[in-house]
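>
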Amino acid sequence: MVLNGFGGMPWFAGLLNDQQVADVVNYVRTHFGNHYTDALKPEDVSEMRPHLSVEAE
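For the record, in the sequence shown the residue sitting at position 12 is 158 according to my numbering, with numbers rising by one throughout.
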């Protein structure tokens, strides 16, 4: 439910490649008071992605 707003966050599935997703996640994990020491690799993102194409969603 959205009250007095513009709606939910738009989808972006399929717009970011594995490296870009890893870069964003690693940025968030090392900023805003977060102190993760291990980095997410593009290979990790690839393993976590659903095995569906964007058209199938």
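Each residue gets a CB set at the ideal place from its N, CA and C atoms; glycine is no exception.
Just so you know, these numbers come straight off a predicted model, no measurement behind them.
Based on Cα-Cα distance, which residue from PHE158, ALA168, ASN150 lies nearest to MET194?
The sequence position of residue 194 within the sequence shown is 48, counting from 1. MET194 has its Cα closest to that of ALA168, out of PHE158, ALA168, ASN150.
> According to DSSP, is ASN150 part of a helix, a strand, or is it coil?
Here residue 150 is taken as the residue at index 4 of the sequence shown, counted from 1. Note: ASN150 maps to coil in three-state DSSP.
> Starting from the C-beta of PRO196, find all residues in its chain whose C-beta is less than 8 Å away, skip the five residues before and the five after it, and write them out in chain order.
Along the sequence shown, read from residue 1 onward, the residue named residue 196 stands at position 50. Around PRO196: no qualifying Cβ.
> Have a look at MET180 and SER192 and give me their C-alpha separation to the nearest angstrom.
Here the question's residue 180 lines up with position 34 in the sequence shown. Here the question's residue 192 lines up with position 46 in the sequence shown. The question names Met, but residue 180 in the sequence shown is Asn. Each residue's Cα considered, the two are about 23 Å apart.
> Are VAL171 and LEU161 close, meaning C-beta to C-beta below 8 Å?
Residue mapping note: residue 171 aligns to position 25 of the sequence shown, counting from 1. Residue mapping note: residue 161 aligns to position 15 of the sequence shown, counting from 1. Taking 8 Å as the Cβ cut-off, VAL171 and LEU161 do not qualify as a contacting pair.
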